[in-house]
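If you use this note's numbering, the sequence shown closes out at 229, no skipped numbers anywhere.
All residues carry an ideal CB built from backbone N, CA and C; glycine is no exception.
Keep in mind it's a predicted model, so treat the numbers as computed, not measured.
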Amino acid sequence: MNDFLEKIQRIDLLGERVYRQLRSYLWSGNVRWGETLRESILAARLGVSRTPVREALTRLAGEGFLENRGRSFAVPLLTEEDIEEIYHLRVLLETDAVRMAAAAVEQQPSRIKRVQEATEHAKRAVRDGDDEGFISANYDFRAAWLALVQNRRLVAAVELYAGLVRSLQILSLGDRKRQIVVLESMEKICQDMKSGDAEKASQTMLHYLAIARMAMLQSLPAALENQVS
Numbered sequence: 001m002n003d004f005l006e007k008i009q010r011i012d013l014l015g016e017r018v019y020r021q022l023r024s025y026l027w028s029g030n031v032r033w034g035e036t037l038r039e040s041i042l043a044a045r046l047g048v049s050r051t052p053v054r055e056a057l058t059r060l061a062g063e064g065f066l067e068n069r070g071r072s073f074a075v076p077l078l079t080e081e082d083i084e085e086i087y088h089l090r091v092l093l094e095t096d097a098v099r100m101a102a103a104a105v106e107q108q109p110s111r112i113k114r115v116q117e118a119t120e121h122a123k124r125a126v127r128d129g130d131d132e133g134f135i136s137a138n139y140d141f142r143a144a145w146l147a148l149v150q151n152r153r154l155v156a157a158v159e160l161y162a163g164l165v166r167s168l169q170i171l172s173l174g175d176r177k178r179q180i181v182v183l184e185s186m187e188k189i190c191q192d193m194k195s196g197d198a199e200k201a202s203q204t205m206l207h208y209l210a211i212a213r214m215a216m217l218q219s220l221p222a223a224l225e226n227q228v229s
């Protein structure tokens with residue numbers, strides 16, 4: 001390992017700080033596809049016990065950044081077939097989910113606030129060249145509009161399949177041109193939701209997912225080339 005990870009002081013909210021630093025580590029591009037993360041090694045580098053490290057790794061696995069392999073965690077490996085299948089399901093799920101979210105905003109306009117805040121965060125990150133900030137804003141944007149969907153089972157399914165491509169998404173969202181395209185889609189979705197146009201929001205999401213699918217496929221060769229054999 002390099003020196004990306006720094007020791008954490010033993011203060012309140014230790015678990016949250018461990019989680020955030022490990023998440024940043026994954027987003028930094030220093031971890032290769034298929035690489036196994038060892039609790040003991042990470043704990044030693046961070047200067048903490050293994051318990052908050054395991055809790056953080058479990059949380060990251062639940063968010064789709066890692067996969068649980070029994071007693072260890074690793075960055076998921078994906079194939080082109082995996083991506084095609086995942087995006088087929090994402091289209092079915094997310095176009096309907098964002099339609100519900102837009103309908104919720106139409107009934108209570110103030111509920112768009114978190115979505116707007118995440119969009120503004122993304123705009124600032126692009127302006128400032130903050131790749132990690134953009135990835136974080138993109139994640140917050142999804143969480144914000146999903147919070148408007150009342151069907152919890154649908155939300156869980158959306159989070160599952162979106163999570164499966166996050167390890168690859170990190171590669172594509174680090175590209176400035178890609179960030180601009182994604183930001184444009186975020187702004188359009190936000191505007192469609194603000195206007196309460198559920199059908200337009202659904203169509204915008206469909207267009208965004210088509211762009212995202214292509215970006216994932218284009219990022220796949222680089223990820224495979226750099227994977228752990």
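C-alpha gap between residue i and residue j, whole angstroms
i	j	result
Glu225	Ser219	10 Å
Ser167	Gly34	10 Å
Asn68	Ala104	35 Å
Gln191	Gly133	22 Å
Glu159	Glu63	8 Å
Leu42	Val53	7 Å
Lys113	Gly196	14 Å
Arg17	Ala101	31 Å
Thr204	Leu5	39 Å
Pro221	Ala162	20 Å
Leu92	Gln169	19 Å
Glu123	Arg142	Glu is not the amino acid found at residue 123; the sequence shown has Lys there. Taking the straight line joining both Cα atoms gives about 15 Å.
Gln179	Val98	21 Å
Ala200	Trp145	In the sequence as displayed, the identity of residue 200 is Lys instead of Ala. Lys200 and Trp145: Cα-Cα distance of roughly 15 Å.
Leu239	Leu78	Only positions 1 to 229 of the chain appear in the structure, and residue 239 is not among them; the question remains open.
Gln108	Gly15	35 Å
Glu80	Leu164	13 Å
Glu288	Phe65	No answer is possible for residue 288: the residues shown for the chain start at 1 and end at 229.
Asp140	Ser40	30 Å
Ser110	Thr36	43 Å
Tyr19	Leu206	32 Å
Buried/exposed call for residue i, threshold 16 Cβ in 10 Å
i	result
Asn138	buried
Arg23	buried
Ser202	buried
Asp131	buried
Ala209	First, the residue type needs correcting, since residue 209 is Leu and not Ala in the sequence shown. So Leu209 ends up on the buried side.
Ser136	buried
Ala212	buried
Leu13	exposed
Gln150	exposed
Ala125	buried
Arg230	Outside the shown range of the chain, which is 1 to 229, sits residue 230, and nothing can be said about it.
Ala156	exposed
Leu26	buried
Arg90	buried
Leu148	buried
Met216	buried
Bridge partner(s) assigned by DSSP for residue i
i	result
Phe73	Leu37, Asn68
Curious, which full-length alpha helix (DSSP H) runs of at least 4 residues does the region 13-60 contain?
-> 14-27, 39-46
Is the region 117-129 touching the region 171-190 in the sense that three or more CB pairs, one from each, lie closer than 8 Å?
-> yes
Contact the region 72-88 vs the region 174-181: 3+ CB pairs below 8 Å = no
Report yes or no: do the region 81-88 and the region 33-48 share at least 3 C-beta pairs separated by less than 8 Å?
-> no
Where in the region 103-153 do unbroken runs of the alpha helix (DSSP H), each at least 4 residues long, occur, reported from the N-terminal end onward?
-> 113-128, 131-146
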